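Numbering (mature numbering (1 follows the signal peptide of the UniProt record, and there is no 0)), first residue to last: -23 to -1, 1 to 511. Beta carbons are placed, not taken as given, at the ideal position from N, Cα and C, and that holds for glycine. Here the structure is a predicted model, which means the values were calculated and not measured. To keep things clear, I will list the structure first and then write my remarks on it.
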C-alpha cells in the first residue's frame, strides 16, 4: 500500500494544493482524548496557563479551534459519540457505565475503528475505555486490533498508589477486614485493572507509571503499524486530567494540578515526535477533551477560561462538567497535519467531537455506515482552511446536572445558546444548582456574553427575532431523532461481571503482575461471565 500518511487527531488539527482525487495514500490517524480538561488548560487558549509548551507548539504548527465542543458533558456518552458520530439519544449511551455494568455501547452501533479496519487500517486503543467491559462490549470486539488500558475511570477502583483526590482515598486493602470499611466516594472492594487486549496484566494498576506505559505502548503501536505498511488509527484516551492526579507539586508548575497538566503535555509532545519521526505530513493529530473540568474537585479541577456560566453560578452549583453550560462542553481542540492543515491558524467554526468520525472516514476514503443518521459533519474543508463554516445547529445533551440523561434541552444556533432546562452540578463548596425548566427558553448571545451571565430580555426585539428560528431548529432536531434508527444501551448491573484478576484475594489482587493474569473467557454465556485467574 506504500507509505501511509499518519493522522494524529488530538482531541484539541498554504493548506497546499492537496487534491483529494489525486493518487491517494490513506492517512494514519491519532486521536488523543484528554479527560476532564478545561478550555483554559491550554496555554494557547488562556494566557494564565504556563504548563503546556508542547500543546502550544501544536497550536502554532497546526490549527486551533476555539468553538469546539464535546458531544456530552460526561464521560461515557462523550466517548460513545466520538466513536460513532451520533449523540447518546441515538446511540443509546446517555450516562456513565459502572464497574458492574453488564452492557455498554450497543453492539449494533458501528465504531470508527470498525469502519477504518474495514478500510485496511491497523487499529489500536490505548487508555480509558468506559464503554462496557463485559463480553463483546470490550474494545477488542469493537474494531480495535490492539487494546492496552483501563476499562473505566481510574478512580473507579482502588490502587496502591492512590495519588491526589478530594476527598483523599486510601490504598487498596491487603486484608479482608479493611476491605469492609466503607469510604464515601472511594472504591475499595475491587482494585483497578490494567488490560492488554482481553487479559488483565496488573491489578491494581500502578498509577504513578501509567502515563509512561501509555506512551510506550503508543510508540510500539505506531512502530508496528509502520513496519506492517498499513495505515493506522490510534485512539489514545488519557487518564489526565481526571482525579486522582499522580504527580507531586513542582516549582515549575502551578500546584498539583499544574504538575499533572505538565505531565500530560509532555506525553502529547512525545507522541507528536514519534509520529513526526515517520515523516512530517504523514500524520494528522487531533487533540481534544471528553468534557469540561470536574469542579467539585476544587483545586484539583481544571480551568474554565472565560466560560464560567455566571447565570448558573449566581444560583448555586457548578457550570462545568455534567452541565450544558459552555464550561461543561467547550473544550480545547488542536489539529496538526503539516503540509495539509494550515499552521498558526485559529478557527471560530462551530465544531464538535461528533465530527471526528465522519471526517476521518472521509479522509480514509471509506463510507459511513448505512441505515442511520449522524450528528457529526465531515469538516475536512474547515481543517484544510477552505471554509470556516461548521454546524448551523449543535445540540447539547443533558449530562447529569439536570433533566433526563441524554435529553436534548440546550442547543446552539449561530451565536445564540438556548436553554429549555438549566441546572448546576456539584460545586467545590458542595452546592448544587436546582433544575429549572424554561418555556420559552432562556437565550444567551455568546458573541456579547461569553460568560453566560445575562439571558436576553424576552421582551426585546432580539429575543423575538431569534426565538422562531431556535424553536424551528429544536423541533426539527427532535423529529429527526424520533424518526431515526436509534439504539438502547443495557444499563443493568451484576457484580459477577466486575473485572477481577483473582477473586480469592482481597480487592481481586494478583499475587504478581504478569504471573497471575486473567483471561476474558469469550465462550462463557449469560451474566456469569467474569475475569478469573487460572
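What does the alpha-carbon distance come out to for the pair residue 388 and residue 485? 44 Å
Which of the three DSSP states, helix, strand or coil, is assigned to residue -2? Residue confidence is low: residue -2 scores 40 on pLDDT, short of 50, so the model does not pin down where it sits. No coordinate-derived value is stated.
Would residue 216 pass as a contact of residue 5 if the rule is Cβ separation under 8 Å? no
Residue 66 versus residue 228: straight-line alpha-carbon distance, rounded: 45 Å
Closer than 8 Å is the cut-off here; do at least three beta carbon pairs connect the stretch 12 to 27 with the stretch 304 to 317? yes
Straight-line gap, residue 124 to residue 195 (C-alpha atoms, nearest Å): 10 Å
If you measure from the CB of residue 281, is any heavy atom of the ligand GDP nearer than 7 Å? In the structure on display, the ligand GDP does not appear, and there are no ligands present to speak of.
For residue 225, count the other beta carbons within 10 Å of its own beta carbon; 16 or more makes it buried, fewer makes it exposed. Which is it? exposed
Nearest CA to the CA of residue 266: which residue from 212, 431, 461 and 171? 212
Quick check: what's the CA-CA separation for residue 241 versus residue 192? 10 Å
Kindly indicate which three-state DSSP category residue 373 falls into: helix, strand or coil? strand
Classification of residue 428 by the beta-carbon crowding that lies within 10 angstroms, buried from 16 upward: buried
Status (buried if at least 16 other CB within 10 Å, exposed otherwise) for residue 105: buried
So, under 8 Å CB-CB, residue 9 and residue 264 are touching, yes? Tell me the CB distance rounded to an integer number of Å. 5 Å
As assigned by DSSP and simplified to three states, the class of residue 468: coil
Go to residue 121, then tell me how far its beta strand (DSSP E) extends in each direction, as first and last residue. Premise fails: residue 121 is in no beta strand (DSSP E) and is neither H nor E.
C-alpha gap between residue 362 and residue 160, whole angstroms: 52 Å
Compare the Cα-Cα distances from residue 378 to each of 36, 218 and 410 and report the closest residue. 410
For residue 357, name the three-state secondary structure that DSSP assigns. helix
So, residue 182 versus residue 110, is the Cβ gap smaller than 8 Å? no
From residue -2 to residue 312, what does the alpha carbon distance come to, in whole angstroms? Interpretation of residue -2 is limited by its pLDDT of 40, a score under 50 that renders its predicted location unreliable; the figure taken from the coordinates is listed afterwards. Their Cα atoms are separated by approximately 23 Å.
When you compare only the Cα positions, how much space is there between residue 29 and residue 237? 11 Å
Quick check on residue 275: buried or exposed, where buried means 16 or more other Cβ atoms within 10 Å of its Cβ? exposed
My output table needs one value for residue 294: the three-state DSSP class, helix, strand or coil. coil
Can you check DSSP and say which residues form a bridge with residue 100? 210
Fully enclosed by the stretch 124 to 191, which beta strand (DSSP E) runs are 3 residues long or longer? 171 to 173 and 176 to 179
Beta carbon of residue 75 nearer than 8 Å to that of residue 470: yes
Answer with buried or exposed for residue 452, where buried requires no fewer than 16 other C-beta atoms within 10 angstroms of its C-beta. exposed
In whole angstroms, what is the alpha-carbon distance linking residue 44 and residue 480? 47 Å
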